[in-house]
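Numbering (the working numbering), first residue to last: 50 to 459. Have a look at the structure below before the remarks.
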Ligand SMILES: Cc1cc2nc3c(=O)[nH]c(=O)nc-3n(C[C@H](O)[C@H](O)[C@H](O)COP(=O)(O)OP(=O)(O)OC[C@H]3O[C@@H](n4cnc5c(N)ncnc54)[C@H](O)[C@@H]3O)c2cc1C
C-alpha cells in the first residue's frame, strides 16, 4: 500500500529518500526487487501526482543535498511528469481520442464474449505468464508498480496478449494511486509505438530476468518480435492556456481538485484575497468509466480530506467536505456563499477540465468569475514540451535553477 495520503507523509518520505536521490538512484533505479524492497526508487508518485508535495519542492530538496550532476537522473525523472503534462496540455485531443476509444471498447466488452474473457484473464492475473500475473496482483493490492514493471506489463498487454491499449491504460489509471491522465495515457502510447512514431517498447524475457534479479524469467512466453501499433492521425497543437489572477478584496471561494491539493500555495501567491469558502470539485471516483481500484480510491479520499484539513488550518474556515461534483452543485455552492469569484487550480487535460470549462460560463451567468491559477513551474515548463523530451531536456537546467519560488502562481 502506498501509505497515508497526507502532505506530512509525503514530506517524511521525501526526507527519507533524499540521501538516495543522487548517484545511488541513477545506478539502481531500474531494478524491480518487488513490493517489499522499494528502497532504490522514491515511491513518491502518489504524493507528487496529486500535488500533496510539488515537483519544485522535490527538486529544491534534492538539489540542497546533491550536486546537480549527481542528482541529474532523479531530477530528469521528476521532469518527465512535467513534460508529459505539458505535452498533453498542448495536445488535448490525445485524451479525448483515448476516452472515446475507451468508451467504444467498454461497450464492446458487453458484446464480445471472447474479448471480455481475455480482458478478465489479464486484469485478474490469470494469463499464465507468471510475471504479468504477479504484477496484476501487485497493482490491485498495492496501487503501485515499479516503472520497469509498468513498461513490461503495458508491452505484454499490447504485443503478447494482443489486447487494446486503451483498456490497459484505463486499468492502470483506475488502480494506480498515482493514476495520472497525462503520464499514463502517453506512456501507454509510447510503449505501443504511437507516441514516438514507429518506436515501440518490446518487453524481453532476458531484460525482465536481469532487472527482477531472477524473480521472473518468461523465456519463450513473450512476443519479442511484434511490430509497433499502426500509426494514428497526428494531434493538432494548441498553445498552453494563459494563467489568470484572482482579484483581491472580493468574496472568494477555493475549489480544490485532485490535480493540485496544496491550497497553501494559492494563499501564499495571492495576498489580499478574501477567502470565504472552500469545496472539492472531485469525488474520488468521478473520473472513471469502470470502478476505481480500492487502493487508488482510498488514496484519493485521504488526499482530499488532508487538503481540507490544511485549508482549515491555514484559513480558519471549514472546507465544505461534501464534494460539489457537478456544475449545478458548484454554482449552488458559490451562490450560497455569496461568492464573487471562484479560484481553482488549473485543470490539467483530463476528466476535470471539461467540468471547469462548463463551470466558467455557468458561474458567469450569476456574476461570479472563475479563475484558474497556475504554478510558475508549469507556466515556465509547458511551452517547451510541445515536441520530444530531448528538446524539453535542454530547458531543465533553467527550470530547476529557479525552483525555490516555482511553487507559487504565475
Ligand atoms: C505504462 C506506464 C504507465 C504509467 N502511468 C503513470 C501514472 O498513471 N501516474 C504516474 O505518476 N506515473 C506513471 N508512469 C510513470 C512512472 O512509472 C511512475 O511515475 C514512477 O514509476 C513512479 O514511481 P516512483 O515515485 O518510485 O518514481 P521514481 O523513480 O522515484 O521517480 C521520482 C518521480 O519522478 C516522476 N517520474 C519518474 N518516472 C517517470 C515517468 N516515466 N513518467 C512520469 N513521471 C515520472 C514521478 O513523479 C516520480 O515520483 C507510467 C509509466 C508507464 C511506463
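We treat Cβ as the ideally placed atom computed from N, Cα and C, and that holds for glycine.
Relative to the Cα of residue 200, the nearest Cα in the group 235, 168 and 223 belongs to 235. The three-state reading of DSSP puts residue 202 in helix, counting H, G and I together. Annotation: the region 57 to 81 contains no complete segment of the beta strand (DSSP E) (minimum length 3 residues). Contact annotation: the region 91 to 103 touches the region 302 to 321, with at least three C-beta pairs closer than 8 Å. Counting along the chain, residue 107 sits inside the alpha helix (DSSP H) bounded by residues 104 to 114.
The beta-carbon distance between residue 277 and residue 248, rounded to whole angstroms, is 7 Å. This is short enough to meet the 8 Å contact definition. Inter-residue distance for residue 113 and residue 340 is about 41 Å (C-alpha atoms, whole angstroms).
Checking the DSSP bridge columns, you'll see residue 394 partnered with 422. The three-state secondary structure of residue 303, taken from DSSP, is strand.
Secondary structure of residue 291 (DSSP, three-state): coil.
For residue 203, the shortest separation between its Cβ and any heavy atom of ligand 1 lies below 8 Å.
Per the coordinates, the alpha-carbon of residue 441 lies some 28 Å from the alpha-carbon of residue 62. Here residue 331 really is in contact with residue 306; their C-beta atoms are around 5 Å apart, less than 8 Å. In this structure, residue 367 sits away from residue 394, with a CB-CB distance that is not shorter than 9 Å. Residue range 323 to 329 is occupied by the beta strand (DSSP E) that includes residue 327. In the DSSP secondary-structure assignment, residue 262 is not bridged to any residue.
By the criterion of a C-beta distance shorter than 7 Å, residue 408 is surrounded in its chain by 376, 379 and 419, once the five residues flanking it on both sides are discounted. Beta-bridge analysis with DSSP links residue 179 to no other residue. The three-state reading of DSSP puts residue 450 in helix, counting H, G and I together. Here the region 268 to 287 lies against the region 204 to 212, with 3 or more beta-carbon pairs under 8 Å apart. Here residue 368 is bridged, per DSSP, to 327.
DSSP places residue 309 within a strand segment (E or B) once states are collapsed to three. For the 9 Å CB-CB criterion, residue 430 and residue 457 do not form a contact. Within a 10 Å sphere around the beta-carbon of residue 413 sit fewer than 16 other beta-carbons, which makes this residue exposed. Between residue 323 and residue 198, the C-beta gap is not smaller than 9 Å, which leaves the two residues out of contact. Here residue 301 is buried: its Cβ has 16 or more other Cβ atoms, across all protein chains shown, within 10 Å.
The Cβ atoms of residue 231 and residue 120 do not sit closer than 9 Å to each other. Close CB contacts of residue 221 within its chain, under the 6 Å cut and outside five residues either way in sequence, are with 233 (chain order). Here the region 254 to 262 lies against the region 75 to 89, with 3 or more beta-carbon pairs under 8 Å apart.
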